[in-house]
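Report on the following structure.
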Amino acid sequence: MAYAELHCLSHYSFLRAASSPAELVAQAAALGYRALAITDECSLAGVVKAWKASQEHSVQVICGSEFHCTEFGLFVVLVMNRRGYAQLSSLISTCRRAAEKGHYQFSAQQLLEQPLTDCLLLWQPSELGCQTAAKQLAEQLATTFPNRHWLLAHRYLQAADAKSLRYLRQCVQDYQWPIVAAGGVRMHHADRLPLLHVLQATYHHQTVQNLGWQRLANAEQRLRTCSELAQLFPAEWLAETEKIAKHCHFQLQELRYEYPSEVVPAGFTPDGYLQQLGLQGLRWRYPEGAPKAVREQLMRELALVAELNFAHFFLTIYDIVVFARQQGILHQGRGSAANSVLCYCLGITAVNPAQSQLLFERFISRERNEPPDIDVDFEHERREEVIQYIYQKYGRHRAALAATVITYRLRSALRDVGKALGFADAQIQQWIHRLDRRDSEDGWQAQLQQMGLMNHPLGTQLLVLTEQILGFPRHLSQHVGGFVIAKDELSNLVPIENASMPERTVIQWDKDDIEALCLLKVDVLALGMLTAIRKTLDLLPTFYQQSHTLASIPQDDPEVYRMLQKADSVGVFQIESRAQMNMLPRLKPRCFYDLVIQIAIVRPGPIQGDMVHPYLRRRAGVEAIDYPSLEVADVLKRTLGVPIFQEQVIKLAMVAAGFSGGEADSLRRAMASWRSKGTLMKFETKLISGMLERGYTQEFAERLFAQICGFGEYGFPESHAASFANLAYVSSWLKRHCPAAFYVGLLNSQPMGFYSPSQLVQDARRHHVQVLPVCINSSSWDHQLVACESGEPAIRLGFRLIKGLQQRELDSFVRLRPPTGFSDFGDFDQRVSAQQLSFAAREALASANAFAELAGNRYQTRWNLTHLSSQSGQKNHQDEQLPLLSVQQAPANDYELPAPDPMANMQEDYQALGLTLGQHPVALLQEAGKLPKHYKAAELGYVRHQQLVTVVGLVTNRQRPGTASGVTFLSLEDDTGTVNVVLWQDLARQQRQQWLKSRLLRVRGVVEIAGEVIHVIAKDLQDLTAELPVSRLQSRDFH
Amino acid sequence: MWLYVALPHLQLERMQVLHPDLQGQPAVLYTEQQQMVVQFNQTAQRQGIRVGMNLADAWTLTENLQPYLYRESQQRALLQHLASDLYHAFAVISLDPPLGLWLDTKPMQKLYPQLQHSLTQLELQLQPWQVSYTLGAAKTPLLAKMLAQSGMQQSPDIPVDYLPCSPELQKKLRRMGIQTLGALQAIPRALAGRRLGHELVQLLARIQGEQPESLRYFRPPEWFTQRLPLLAEATSWQALSFPLKRLLQELEHFLESRQQQTRQLLLSFYHRDGSVSKLQVGLAHGGYQAEALLRLCQLKMESTQFLAPVLDIGLQAKQLQGRQHESRDLLQGPSQAQKSLAQLLNELQLRLGRQQVFGLQTAAEAFPDLSWQLAPAGAELGRTELIKRPPWLLEQSCPVDIRQWQLTRGPERFATPWWLRTYGGATRDYWQALHQDGRNGWLFYDYRQQHWYLQGWFN
């Protein structure tokens, strides 16, 4: 018997079904179904995955969707052909766009009004609705869908079955409609029933036990065997499924992607135009003439692009990049695109591929036949302009963001499953908090068992169901910046929904789906450093008498590298973190390529794969560099024989183990997928045996495999590291040669980077840049560079630093401010009305001591500012009957408040600005005698290795990287710098309450000096937060 | 002189008294909404836990935290209970829920002429409670409270954080450098009023006693207590019934005038040697009529033994509540007092014991075994949406020989509850079937046991 399942939900009908499209397809094939329709509720989110699965099984996948209508029941629409697909996609888009995110609006009327000429309609009428209206609808639908309409019959083996079947037979008679059998499938196998119950419980915000009638009573809504179906339905109803399936012959690969034509000017072919642009770009990039190898590479690339028909991808991105350039928005391509000479010539990327040995095949290859994935970073503050350009140029009906499917991860899975099973909230939270996957090597299941999970009667179920639910989709969210652009209506290609941000729409497919179908996706990303660099560059002409663009910054400046070798890299892109700063004095970068390595090497991949130490030893000449063969030397020479980049690993697999391009690609994929541990093992034998065959030693082979496993998903591709190194060099150059401008650029681009404004300002002052306080007479919203007497530029802090101010208000205040400023407080008070500057703003300014030039201390100023008439926000003062004369303010200084002492000043500074230009809290406390004797950060350079010391500082950073076996790194800041403290696991546990929430910490420990890098290994901790009066000293904690 | 008693960890500490092993472990009470710690015990304090801390943070500090939900109603009840106890020693008490109360020592001056006496008495009363508290004594209630909460000795040192005003006002004061009450009071009142507002001026007036504080005073709940000496020693129940009847009539009068009824009677029998026997009579539904109450008491007394002859008899009724009126039809005339269902239920429960009398109720469940449940007696039956279910269910399904049956209608398929161990995840098909002797039954086939069972009867 040939059966086709025509009504089936996958887990993309969020919380209503318990199997993935792939599982459903595989099971349908195993049961010998002829076809399977995936009919998620008002959605086509699962069809691509189903289609991918169907490539490996012999079952046809039909696209469809289910719609609920309270009046008339359930409708299922199936697609016959490409046109029908566009119609269904359009219908879904209409329904989704008419409702808020996550919902849809559907009425039966739409089936009559929207064009659905190439679709089939299945209907399960509601027994409760008005029967006359239903009959009328039946007639109308029969006319609209001639020979394409059926009634839908299910059998769930429930008490209501008999009645429902009777009703349906009556409908067959009344409406004269044919009838077909269906499963109403919500899981691929009966053992998913418990999971489905959990999903139902989550949906209804209940526990499984209390679901009552809502709970599915049996597992009949699964893919049943043909013999079971034969027992449940009359043969004609089953045969009808095959008849219907025969009408549906649409296949997803028919979605031949047609590219937007605007990007190709009249009279050109896409390839021709691309070639012209490429050659133009070559002349632009190499004004003295391009090297022969580069020219040849460009022609090779153009030929490959033409062969694979990808010209439009490049042209579309080129168009966007030109827009950005015209608007003065800094941008840089990243990722594998940096391998391409073509991208370099088009101005999409900024790294000259001729400088390093980059693989174009990494970017596009014949075997992969995947479209290029070109990510471009833009200034984060101006990215929205680029996005609006895309919407404007192509229209909202043709451009939309790709979706990201938010799936269940361990914590959310435990929470939802635990709640559904009735575990106490506090209990689940306890387990989640104690669960630290990186704390030990045990898996989370073992950890939970150790915590006593099995004492609970439902403990096993919690483990099993959580495992099952991991990776299940919860809802669609919009991708960060991935746009899909279509030639015509995008909704003919894939349904469009409303995103949660207003004015944003998102498609129902994610990145993987888009790649699988070769649709054009453009990634428009945001990078804070680009904003900072542009702002810095803008200041150069005025204050440094020079002018630069990203590309014109002088390269290979030895002073810049000297600065980096001393780990003086606060604020520098990618190499400012604690881990990077520890590496810089050891690796001592001397040239651009060293920076590329520096960026790639301080990552979990190389660290876990134990590449770091061998590399450093070889670089220092301590270890001999040897290559087992010429091929290997070719690949690893530039990194001294140690594989550091992802491409090297892939290349090695090919030359040393004989992997073909395709196999190497699977290896790359296995490395890139985040749950890859299991998949990588498949390659072990092939890799090792391949290398043994080619004469490599067992030891070498095993070492390489271990390195591959360590790499996992964390290794950087070389091109990516190179793009980043470019920005790292540029920001270093700016820091070295135009420090004041550099800090202003950074400060005006916050929030970004690794350090807070407080730390940046301290770094600036340590570099002898003068920093001037916020001043009502001189500051603007942004921080500014100002010339001061010495001739050096100084930084005038801006109003944006003050908590509680509105930019619009301060901008207009600055416009109205007299050019010479105000002479005193009375002058200010008279000339600035309450509308121009609100009371709240004045208070905030006073607390930040912005009136220091005009009035005395900030306490007094706040006192003078405070009067009843300006307390507009307090409604309970309406009974105040003030005589007409005293409506105005009380006279200033009618009461003298004591001035704040230095400690109070510091406290007020932190509360108002987040930083202080006065004395550092640690210095103040020391003066007040509140601290034990201790070493300052700057003094540690003079201490012996292994000496016992005491250090005290503000905790500015807490970090527990997953690679470091439970070690915690703390950064303690005092008035001279920062101390790196290492906290081993045992001590961390024992003295947890001392350091976990501490803001001021005293550490007794042992100094470890390795070259220029100094650490304090903690032996004893004491929380001194109680000595601090401040509350805005936040630490940046990374776990 | 006003005394303020602040009890920051009242609820948790009382819990600890009832469950002593909680003391050795770090325990906290937290609010459900914000997941914030509001009360903690000493062990928790030693681990670094503080009020206002996030529960998640508390977990990171100690692995074997014992968190319990903070209950506002329980807190109020405890405070009331405490006040009732203190009422024995202090006449003027004002509650300040959730964490404190005031005592006015002035009216008690005859009894406790000096503050020290009041304090000693207070200590005495609080001692059995085993809770931690801080005291504040001052001329005005507000000042006393602020002293107690802040822990300061002198009022000028009290930080402005303890002023009962809006956080904005507090912040404003702090940002002007005015950190303490003393600094605030130093400002001339008129200036302060002009700058900082009426609210603050009034607050200062209340603190300094220039404006009276309006407090609500505590009144202990009313209840009925009466003690009746007997004319002659009673050695049997019959002898007691006449005086008891009188007491009950007084109670009925008391309840009638307040339109209340009682749910509990406490009978106290005073013996010659000074000991007291107590007998509690609980009523499932409240009662107030002397006749009915007497019958109930008699029932209870019959099953209790007398230890010694009784000299006095006492009656106390504490749990008083409003009455639900029974409508009386004027036309029908005085109907014969029929024994209502409620009455019957009360008597049954008393005679058989509360645990033995219960009712049945449907549960919102499709699976037959779970579709009914025991309910307190007198509860309503519930909704019945099931079709084709038998009215009679066996408590335990029993295996049958299918050959004696003829299946008529079905199947209705169920997956057994996988979350209950007793079922172990099987599938059952339920059928209506006709037994060979003509009765209609409800069978099911269990696929795991591979056997037929009988679940119920249709007739």
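Read top to bottom, the protein sequences are chains C and E.
If you count the first sequence from 1, position 303 lands on 303 in UniProt numbering, and the numbers rise without skipping.
If you count the second sequence from 1, position 191 lands on 191 in UniProt numbering, and the numbers rise without skipping.
Just so it is clear, CB atoms sit at the ideal spot from N, CA and C, and this is done for glycine as well.
These numbers come from a predicted model, not from an experiment.
For residue i, collect the residues of the same chain with a Cβ closer than 6 Å to its Cβ; drop the 5 residues on either side in sequence, then sort them by chain order.
i      : result
C:L837 : F813
C:Y203 : L15
C:F659 : A653
C:F754 : E576, S577
C:G184 : H7, H154, Q221
C:Q60  : A35
By the 10 Å Cβ neighbour count, where 16 or more other Cβ atoms means buried, how is residue i classified, buried or exposed?
i      : result
E:V5   : buried
E:R389 : buried
C:M581 : buried
C:Q707 : buried
C:V376 : buried
C:V322 : exposed
C:V635 : buried
C:Y627 : exposed
C:T143 : exposed
C:Y942 : exposed
C:L128 : exposed
C:E296 : exposed
C:H149 : buried
C:A657 : buried
Quick check: what's the CA-CA separation for residue i versus residue j?
i      : j       : result
C:F472 : C:L1000 : 43 Å
E:A364 : C:E5    : 32 Å
C:V417 : C:E927  : 55 Å
E:I187 : C:P898  : 12 Å
C:S833 : C:G745  : 33 Å
C:P372 : C:Y85   : 26 Å
E:D85  : E:L10   : 15 Å
E:H451 : E:P26   : 53 Å
C:N726 : C:E467  : 43 Å
Beta strand (DSSP E) containing residue i: first to last residue?
i      : result
C:A980 : Just to set this straight, residue 980 of chain C is Asn in the shown sequence, not Ala. From DSSP, the beta strand (DSSP E) with C:N980 extends over 977-983.
Considering just the uninterrupted stretch of the alpha helix (DSSP H) at residue i, what are its terminal residues?
i       : result
C:P21   : 21-30
C:V632  : 630-636
C:D538  : 528-544
C:E1027 : No alpha helix (DSSP H) holds C:E1027; DSSP gives it neither H nor E.
C:D317  : Asp is not the amino acid found at residue 317 of chain C; the sequence shown has Ile there. Unbroken alpha helix (DSSP H) run through C:I317: 311-326.
C:R300  : 292-308
C:N905  : 902-913
Can you list, in chain order, the residues of its chain with a C-beta nearer than 7 Å to that of residue i? Leave out the 5 residues immediately preceding and following it.
i      : result
C:D782 : N748, G798, R800
E:Y112 : T105, S118, Q121
E:T304 : L279
C:L692 : Q698, A701
C:G788 : It should be noted that the sequence gives Cys, not Gly, for residue 788 of chain C. The residues are Q770, A794.
Between which residues of its own chain and residue i is the CB-CB distance below 8 Å, once the five residues before and five after are set aside?
i      : result
C:N777 : R817, G821, F822, E853, L854
C:Q994 : L1001, L1021, Q1022, D1023
E:W372 : L360, Q361, T362, A363, L393
query: Which of the residues in the segment 411-430 of chain C, read from start to end, lie with their CB under 9 Å from any CB of chain E?
result: L421, G422, D425, A426, Q429, Q430
task: Note down, in chain order, all residues in the segment 361-373 of chain E with a beta-carbon under 8 Å from any beta-carbon belonging to chain C.
output: A363, A364, E365, A366, F367
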